[in-house]
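**Student:** Once you've had a glance at the structure underneath, I'll fire off some questions.
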Amino acid sequence: MERQLFVNELQLSFNLRKPKGNKPTGIYLVCRIDGKQVKLSTGVKVYPEHWNKNRQEAYISLRLSELDNRNNQIVNERISKLKLDFFEFKKYLCGNTHNIENCLDILKSYIYKSDYSMRKDKQRVNASIEMLQIVESKDVKESTKEIQLGIVQLFAKFLKESNIPDTWNSINLETLNKYQQYLIANGKVFQTIKNNFGVINSILKIANKRQDIPFKILESGTDSFDLIRNKANKEKQKDKQIALTEEQVERIYKHTPTGKNAEKVTEIKDIFVLQCLTGQRFSDMDKFFCGDYKTDGDIISIVQKKTNKIATIPLLPLAQEILAKYPNGTKYVTFKRSDNTISNKELKKIAKEIGFTDTVSYHVQRGKEVEIIEEPLYELIHTHSARHTFITICCMRDIPKDIVIIATGHSDTKLIDEVYSHLSDKSKGEKISKAFNDKLKGAGVFSASKKDITSKITEQINKHSENGEISPENIYKITSMVINIVSFLVKDEDKDTAIKTAIDMSLSMLKKEVPMETIVDVVISSFKKSNNIPDIIVNDKESTS
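Be aware that the sequence shown starts at 13, since it is given in the working numbering, and climbs by one per residue.
What follows is the structure in structure tokens.
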């Protein structure tokens, strides 16, 4: 009777040779074949105290010496490579069932790259396998690597379903165009399509440089590939990336969970609030609870897992209060990826119970069509919302961007700039209204009686902005212009009409893509000329005649 083999049941792990020793010890690759445990040497060593058994990797930490971190990085790179070799081994078994009886020898050939006859006779592996190998060799975070591996696997699935040979010769402009249509037909959103081709193109660039891979970009024509155009409003797309207010964060913290999992849910919401107060990713929060940081008064520094960059964060009183609740660390949350998924689910429940039911509208492009999606706020909350919340609140409190990136660990202000520019229209209106009312209170024509006028202006401009008629970058300029007009160029009884006229003129010229600077000059000049309401009001009919 022929033996059965379930490839998905072939799992590997890494164990220390002497886990309780105090000297560097070897690491074994361990798996079960034919019901028997197999141990293979990885060729690298690690101090037992530096080994993270749960994550199956060596620690990289600010508390370790530079040499220790270097040695541990070598260990982690070797483990990543062995994971790829093991994946290739399983892939080979799937396509070569006649060799199942030689499982152990085949595994050794992949792990040790020995000159086995099987390897000599083996034809070139599929292009998608070599693409997976390229991804595995990248020096990126494990979670990023998993996403990129998934993209390659989806591409391999497309090749199979489309009856396109899984070879480098088949990867050309025609294939990429077909793949884009495949993604569109399967309802993928624009960002997913963009991410897919971003990963694939990066792999093709690496393959192009390798002498052992028969692929050249110029010969394949893939450099001529055109990604579909993003038709969705960029600002409206970003509306899905919600940020909470300080009041909402406080309500989450004060919320008291009930039920049999109350203690666990309390832990989850406390961690989320701590994220909001520190701006850190979920994967870095364990450092706060296990003491893996350096302190300087109320300032702490951690090494971030994703980038290995140092983040320096002021511990606010509430953050200190939360940490004081967990002197021995968290009990339920261990900060694995599965914990992140569970936390996202519980945070949505908490937000719903509290009453975060406001409707959030955002744009999504599926293929070439743009959809307007509406969801309640609580459905959009997840652990990374905390990081966005931290940055947004820093913006609202006018904390300089070069200070914010010290806390978030960003190398530059590019991402921070995006968050700063993506303040909600309401926030922008409130910000400019507050600025004019606070800074110019009691200054002649900008007396307290003008406050209602400023509010009217910001309210009307915000409505047009929400409709997509005024872009976020033009809100300030138009608001400032209209405030100047009603304050200096018209009489009190004509202010309401002047506001509407100035905004209408601006909208009409914006539709014709007139530069903002020109719009300001034209509108102000018109009011100066009439000293009241312009005689000629530019409207859509006149502009087309």
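Glycine included, every Cβ here is placed at the ideal spot set by N, Cα and C. A quick note: this is a predicted structure, and the numbers were derived from the prediction, not measured.
#1: Could you give the first and the last residue of the continuous alpha helix (DSSP H) run that contains I118?
#2: Specify, as a first and last residue, the run of the beta strand (DSSP E) that F26 falls within.
#3: For E387 and T369, what's the separation of their Cα atoms in angstroms?
#4: On the CB-based measure, 16 or more other CB atoms within 10 Å of its CB, does T401 come out buried or exposed?
#5: Tell me which residues share the same chain as L239 and place their Cβ nearer than 8 Å to its Cβ, disregarding the 5 neighbours each side in the sequence.
#6: Are the CB atoms of Q316 and G480 within a distance shorter than 7 Å?
#7: How about E279 and V345: are their beta carbons less than 7 Å apart?
#8: Going by DSSP, what residues sit across from P388 in a beta bridge?
#9: Using a Cβ-Cβ cutoff of less than 8 Å, which residues in the same chain neighbour Y40 once the five nearest sequence positions on both sides are dropped?
#10: Does the segment 296-313 come within contact of the segment 406-416, defined as at least 3 CB pairs closer than 8 Å?
#11: Can K93 and I141 be called in contact, C-beta distance under 7 Å?
#12: Under the assumption that N66 contacts I72 (Cβ atoms under 8 Å), give the Cβ distance between them as a whole number of angstroms.
#13: CB-CB under 6 Å to V211, same chain, minus the five flanking residues each way: which ones, in chain order?
#14: Have a look at I559 and L522 and give me their C-alpha separation to the nearest angstrom.
#15: How is T491 classed by DSSP in three states: helix, strand or coil?
#16: Determine which residues share a DSSP beta bridge with N88 and list them.
#17: Using only the alpha-carbon positions, how far apart do V502 and V494 sit?
#18: Since F301 contacts S355 with CB under 8 Å, what's their CB separation in whole angstroms?
#19: Are there 16 or more other CB atoms within 10 angstroms of the CB of C106, so buried, or fewer, so exposed?
#20: Assign R44 to buried or exposed, taking buried as 16 or more other Cβ atoms, counted over all protein chains shown, within 10 Å of its Cβ.
#21: Taking only runs of the alpha helix (DSSP H) that begin and end inside the segment 49-93, which ones reach a length of at least 4 residues, in chain order?
#22: Enumerate in chain order the residues of its own chain whose CB-to-CB distance from K281 is below 8 Å, with the five nearest sequence positions on each side excluded.
#23: If the criterion is Cβ atoms closer than 7 Å, does the pair K318 and K153 meet it?
#24: Candidates I196, V285, L230 and K413: which alpha carbon is nearest R241's?
#25: Taking the beta carbon of L230 as the centre, do at least 16 other beta carbons fall within 10 Å, making it buried, or is it exposed?
#26: Looking only at its own chain, which residues have a Cβ that is under 8 Å from the Cβ of L166, when we skip the five neighbours before and after it?
#27: Give the secondary structure of Y265 by DSSP, where H, G and I count as helix, E and B as strand, and everything else as coil.
#28: Hey, is E471 close to the ligand GDP, as in C-beta under 6 Å from one of its heavy atoms?
#29: Tell me the rounded alpha-carbon separation between F227 and V416.
#30: DSSP three-state call for K571: helix, strand or coil?
#31: Do A323 and I334 have their beta-carbon atoms positioned less than 7 Å apart in this structure?
#32: If you draw a straight line from the alpha carbon of I497 to that of S520, how long is it in whole angstroms?
#33: Please classify A336 as buried or exposed, where buried requires at least 16 neighbouring CB atoms within 10 angstroms.
#34: Use the C-beta contact count for T353: other C-beta atoms within 10 angstroms, 16 or more gives buried, fewer gives exposed.
#35: Between which residues of its own chain and V2 is the CB-CB distance below 7 Å, once the five residues before and five after are set aside?
#36: Tell me the start and end of each unbroken alpha helix (DSSP H) in the segment 336-373 that is at least 4 residues and wholly inside, in chain order.
**Tutor:** Taking the definition as stated:
#1: C115 to Y124
#2: L24 to L28
#3: 9 Å
#4: buried
#5: Q192, I205, K206 and F209
#6: no
#7: yes
#8: T371
#9: F26, N27, L28, R29, K51, L52, S53 and T54
#10: no
#11: no
#12: Going by Cβ atoms, the distance from N66 to I72 rounds to 15 Å, so no, they are not a contact pair.
#13: Q160 and I163
#14: Because the chain is modelled from 13 through 557, residue 559 falls outside the range shown and cannot be assessed.
#15: helix
#16: Per DSSP, none; premise fails for N88.
#17: 11 Å
#18: Between S355 and F301 the Cβ distance is about 14 Å, and since that is not below 8 Å, they are no contact.
#19: exposed
#20: exposed
#21: none
#22: I264, Y265, H267, P269, E358, L359 and I362
#23: yes
#24: I196
#25: exposed
#26: N208
#27: helix
#28: With respect to small molecules bound, the structure shown includes none, and the ligand GDP cannot be examined in it.
#29: 44 Å
#30: Past the boundaries of the shown model lies residue 571; the chain is included only from 13 to 557, so the question cannot be answered.
#31: no
#32: 18 Å
#33: exposed
#34: exposed
#35: Here the chain has residues from 13 to 557 only, and residue 2 is not among them.
#36: 349-366
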